[in-house]
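Okay, so here's the structure we're looking at.
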Amino acid sequence: MLRFLPFGILLLAFPCLAQGNEGDCSDQACSKTGGSLFIQRRLAPSKVSADPVAAALALERRSSAAWVAAPFGDCRRACPSGQRSDPKLAFQERPVQCFSTSGELLEDSSCHHLMKPEVYRQCHCGVIWCAKECQDFDLEAVLESEHTDIGDERDSEFECLGCFPLGEDDGVADLTADARDVTCMDWQHDTPCRGGLPFYRLRMNKPMSAESCFEFCIGAGMDLFGLVEGVECRCGASRLNKGIWRDEKPRPGLELPAPLSGCMTEQKCPLRVYRWLGPFVGGGTVPEHLMMSHIDDQTMVDSIVTGRPITEEDEEDGEELSEDPAPMAQAQTENGQLEEDVQLSTVTEGPGWGRLCDDNDGCLGARPWIERTAVPPEGMSDQWQEYVIFRYKFKDGTDAARKEGLRAAAAEWRLHTCVAVIEDQDIIQSPFIVAGLHTAGSCSATLGRPLNSGKLNMGWCNSLKSKGSLVHEIGHNLGMYHHQNRPDGSARFNGKGPHLEVYWQNLIDSYKSFLAPKQQAYTGSQKDGENDPQVGYAAYNFESIMHYGRGVLRIKDHSVNDGYAFNTIPKSYNSVVGQRHGLSDGDKKAIFDAYRCRPMKDFQGTWDAFEVNQIQVPGTAWTTFHFTVTFDAVPVVVVLPTHSGRPATVRLRQITTSSFQALVVVPPGTAGNHGALDVTFMAAVAGRHRLKDGRTFEARRVTLKNIQRGNSCTGQNPEASWTSVSLLRTYEQEPAFAASVQSCNNELGDLPSSFSKPFMSVAVSNLTASSVQLALELAQTAGEGEVLQEETIGFIAMEQGSGNFRNLGRRLYYTAKVSAFSVKGRSDGDGRFPVPFPHVGTETPLVIGGHVSRMGSDGGWLRLFSCKGNVANVYMDEDQFCDSETWHWPAEQVGSARIRTKSWTWVPFEALFDVAPVVVTAPIGGECSACDGFHAVMARPAKTKVGTDAMTISFLAAWSMKMAKMGWLKGMSCRSM
């Protein structure tokens, strides 16, 4: 009789791609890891009367509502309880309410059809200040709902609101018109400006789809968008989008009027308007992962909202640093007041790339922060040899929206660099930064490490929408100048530059300092020791978050250079400068250099070299499976066998950088070979890694001869023993864990015609946050065969949590979790023991994993029975060599991770269409918004083998005035892709 064993699994779910209604996924359980993929369609609008009054009433009765999540509150430690006693467990909480698009509070039932944001988020008191008093949480409810990627399933949906009127003199913009249209800044009428969509006029020379317009507007933080005659995209904001309106009532003329008709009208539609369905976060902003922030966009939008010109100086850097090179410099505000305690480094002779990046003057141009520690602060991954401590506190009375914005900006620096930007409300010992509302109408920061306390003024930066500007301001606090102020920016300097062509006549005197060369600005450094990331001159970084955009200093007189103050050299970078989406690679490298960020020697970087996929493994012959990518080093491969009517597992061998071999094997006591199994594999280069969203995991190989076996049929093998393995870092809690044997050094069986001898899997025990015990699991088959040579075990351990990142051109969504002790044997409950995964959506997931303890006497291995939606049914299998029972107790614990993805291939047309055509393919669907080709994606069936997923398709392309949704089509011209 086997006892139930705790174990961990990794759950990997790919998106559904098939026809059906929104959210319609098959509820048919699958007996394999993979499953059908489904397309989740956008909500279809209902037909509305053509009468304007009736249309308005009908629209009001419809689902014109959205969830609005308030800013997260302060981080609070959870009081110890019987549920969980982890002293580091802490959470932030926020209210989530349902509102109409006009701002009226509704019952939650009005939003029941929409994705609701999470109420709780796990936080870390090592980087966010926590009060000494703990808080009582319902930990089971909190942990069950925890999810770090708000909106990963349904945050890109929109619906049509109807057809709206245009003004008498309003129509399609000229092709040469600037998309950043500021006409509505000076609007003084009650009638709608630009039809009530006052932001942007993106004109195309071909028909534009609603999807393309949505991507453009949502990237600018807008929740309303519309198409003018199908070729011009305009953007707007509802009252729920408080980040756009800065918590003020919109000025007259900037909101939508009553519609002319609904969306299904056959009449001419001057302006077809759509709305994003949410959810809003931060009290009323579009989630920052959907936005692509640019300083030129921010100034344009704020100019229209306020009705007055807003400049870069208003958005950022309201306090202009003086050029006094003395050790104690001063910063001057726009109203003439002096801000003391700003330290500039001494100006050196010769080029700046001859400086040392030390703790004295440093190489950034302002005094660096110098407190360092080798111990990663709680909440940061253990990837750097040392961490630089930057402490800040909020000014008393700072509102929750500003706090959430700065916390998000601080996390950006912690995620990508060794600078630990730490919130500490109790700090009294200098140096530190005081963040909050110091001066209304600007967003600014003191430069470099202060002697006492410095400032980060959040006057204009008042929400998550300003995250990019706050990242910029923290850069100033760290000592970074504006990038365009580099000495090789607007001038020739020591043989470098210029990189900007400046039109000084387009600048008023007070703005000229924004483009004037400053020798203090960073241009590189001399060698600062081993593994120095930057030696010598650093290339000019047009994508720096510290660089101004061209539009922020533009004047109304367009006679010279169309009013712009500068052009980049070359001009192809004109559209690049001014981004506020996040730190560029050049920004990160400059900080790595200036603050001597050196990675741990066993740290492999981000998860660029990994693969998760599904294969069909036969039981009749060893089969080679090729990876989609060729790894730089031999990867670790882990698999999870799926259910069948007989005991079986999957063995691996001959793992190389490009492929591996796999075979389904059976244990002694089971006759003949086994049928094929559909399984998921996960492969990653050995070492410690960080996902691109910050979560860490490790892939390892361990060579050993230690065995575990049942109490009967022990054979000639040595006594049971374990090998203890220390994990590469200490996790916050036990990680999700999966392991597989990587070799077949002891195999004596007549594979595949007979059973495996010795039959083995992986035994795991005593998994903690920092270590694990491993052995070869022989179960009750130890009497057949001996372990005379060492075998290699590979394992992957992943930090628990959820998130998403891009890999190999695809966006991957995942969940990693450790479950309760709930999994039993094949004969217990028909072998179906559900492991829930919060918020994985309706798609059928891919699952991979293994048990993480061994409490019983019979041994066993984990198998997947079925998968459905957010539940994987698993069980512990065992051989029937010495007995025929398959009971398993006590129940096991599991850990899991989920991934969904979608990737596209470009298929060119043989002839160029005048407008973008409708494309229908068989057997897969395509997306088309161009005249010369389309993108297509394959819904990989569970039995499609890796390396053989290319296929010939048929497609029909035809131009249409309407959106066409068509089913499967056969017999058209065939093309190979």
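Residues -20 to -1, 1 to 957 in mature numbering (1 follows the signal peptide of the UniProt record, and there is no 0) are what the sequence shown spells out, letter by letter. Cβ atoms here follow ideal geometry from the backbone N, Cα and C, with glycine treated the same way. Computed from a predicted model, the values in this text were never measured in an experiment.
Please state if the CB of residue 364 and the CB of residue 398 are separated by a distance shorter than 8 Å.
-> Yes, the Cβ-Cβ distance between residue 398 and residue 364 is below 8 Å.
Leaving out the 5 sequence neighbours to the left and right, which residues in its chain are closer than 6 Å to residue 507 when beta-carbon positions are compared?
-> Cβ neighbours of residue 507 beyond the five flanking positions: 515.
Measure the C-alpha to C-alpha separation of residue 573 and residue 366 and round it to an integer number of angstroms.
-> If you draw a straight line from the Cα of residue 573 to the Cα of residue 366, it is about 13 Å long.
Exposure of residue 621, with buried meaning 16 or more beta-carbon neighbours within 10 Å | Classification for residue 621: buried.
Look up residue 653 in the DSSP assignment and say whether it is helix, strand or coil.
-> Note: residue 653 maps to coil in three-state DSSP.
Helix, strand or coil: how does DSSP classify residue 590 here?
-> DSSP, reduced to helix, strand and coil, places residue 590 within a strand of the structure shown.
Report all residues from its chain with a CB closer than 6 Å to the CB of residue 296; omit the five preceding and five following residues, and keep chain order.
-> Leaving aside the five residues that flank residue 296 on each side, the residues in its chain whose CB is nearer than 6 Å to its CB run, in chain order, 423, 449 and 452.
Can you tell me the Cα-Cα spacing of residue 478 and residue 545, whole angstroms?
-> Roughly 15 Å separates the two Cα atoms.
Is the distance from the Cβ of residue 182 to the Cβ of residue 209 below 8 Å?
-> No, they are not a contact pair.
contact_flag[the region 705 to 723, the region 594 to 601] where n(CB pairs < 8 Å) is 3 or more = Using a Cβ-Cβ distance cut-off of 8 Å, the region 705 to 723 and the region 594 to 601 are not in contact, since fewer than three pairs of beta carbons, one from each stretch, lie closer than that value.
Are residue 780 and residue 560 closer than 8 Å when you measure CB to CB?
-> Going by C-beta atoms, residue 780 is not nearer than 8 Å to residue 560.
Hey, residue 757 and residue 684: beta-carbon distance below 8 Å or not?
-> In this structure, residue 684 does not lie closer than 8 Å to residue 757 by Cβ.
What's the gap between the Cα of residue 677 and the Cα of residue 636?
-> Annotation: residue 677 to residue 636 spans about 21 Å, alpha carbon to alpha carbon.
Can you give me the start and stop residues for the beta strand (DSSP E) that residue 179 sits inside?
-> Element bounds for residue 179: 179 to 183.
Once you ignore the five residues that flank residue 351 on each side, which residues in its own chain have a CB closer than 6 Å to its CB?
-> Contacts found: 369.
Between the beta-carbon of residue 751 and the beta-carbon of residue 705, is there less than 8 Å?
-> With respect to residue 705, residue 751 sits close: the two C-beta atoms are nearer than 8 Å.
Beta carbon of residue 857 nearer than 8 Å to that of residue 843 | Cβ atoms of residue 857 and residue 843: closer than 8 Å.
Any 3 or more C-beta pairs closer than 8 Å across the region 256 to 266 and the region 160 to 174 | In short, these stretches do not touch, since the Cβ pair count stays below three.
Run of the alpha helix (DSSP H) containing residue 457, from where it starts to where it stops = Annotation: the continuous alpha helix (DSSP H) that includes residue 457 extends over 447 to 458.
Go ahead and pull the three-state DSSP assignment for residue 207.
-> In this structure, residue 207 counts as strand in the three-state DSSP scheme.
Around the C-beta of residue 608, are 16 or more other C-beta atoms found within 10 angstroms, so that it is buried, or is it exposed?
-> With fewer than 16 Cβ atoms within 10 Å of its Cβ, residue 608 is classed as exposed.
Among 773, 739 and 76, nearest to residue 91 - alpha-carbon criterion | For residue 91, the closest C-alpha among the options 773, 739 and 76 is that of 76.
Span of the alpha helix (DSSP H) holding residue 394?
-> It spans 380 to 396 - the alpha helix (DSSP H) in which residue 394 sits, taken as one unbroken run.
To the nearest angstrom, how far is it from the Cα of residue 71 to the Cα of residue 416?
-> Rounded to whole angstroms, residue 71 to residue 416 spans 23 Å at the Cα level.
Skipping 5 residues on each side, what residues in its chain have a beta carbon closer than 7 Å to that of residue 692?
-> The answer, listed in chain order, is 760 and 862.
Using the Cα positions of residue 568 and residue 396, report the straight-line distance between them to the nearest angstrom.
-> When only Cα atoms are considered, residue 568 and residue 396 end up about 7 Å apart.
What did DSSP end up calling residue 570 once you bin it into helix, strand or coil?
-> Correct three-state label for residue 570: helix.
Is the number of C-beta pairs between the region 634 to 653 and the region 610 to 625 that are closer than 8 Å three or more?
-> Contact between the region 634 to 653 and the region 610 to 625 is present, because at least three Cβ pairs lie under 8 Å.
Kindly indicate which three-state DSSP category residue 347 falls into: helix, strand or coil?
-> Residue 347 falls in the coil class under three-state DSSP.
By how many angstroms is the C-alpha of residue 221 removed from the C-alpha of residue 245?
-> Rounded to whole angstroms, residue 245 to residue 221 spans 28 Å at the Cα level.
Kindly list the residues whose CB is nearer than 7 Å to the CB of residue 723, restricted to its own chain and excluding five residues on each side of it in sequence; keep chain order.
-> Excluding sequence positions up to five before and after residue 723, its CB lies within less than 7 Å of the CB of 633, 771 and 772, all in the same chain and listed in chain order.
In DSSP terms, what residue 767 is bridged to = In DSSP, residue 767 forms no bridge with anything.
Nearest residue (CA-CA) to residue 734, options 511, 725 and 647 | The residue among 511, 725 and 647 with its C-alpha nearest the C-alpha of residue 734 is 647.
Where does residue 762 sit, in a helix, a strand or coil, going by DSSP?
-> Of the three classes helix, strand and coil, the one that applies to residue 762 here is coil, per DSSP.
Are at least three pairs of beta-carbons, each pair with one atom in the region 378 to 397 and one in the region 545 to 558, less than 8 Å apart?
-> No: fewer than three Cβ pairs fall under 8 Å.
Whole beta strand (DSSP E) elements within the region 697 to 723, 3-residue minimum = If you keep only unbroken beta strand (DSSP E) runs of at least 3 residues inside the region 697 to 723, you get 703 to 706 and 716 to 721.
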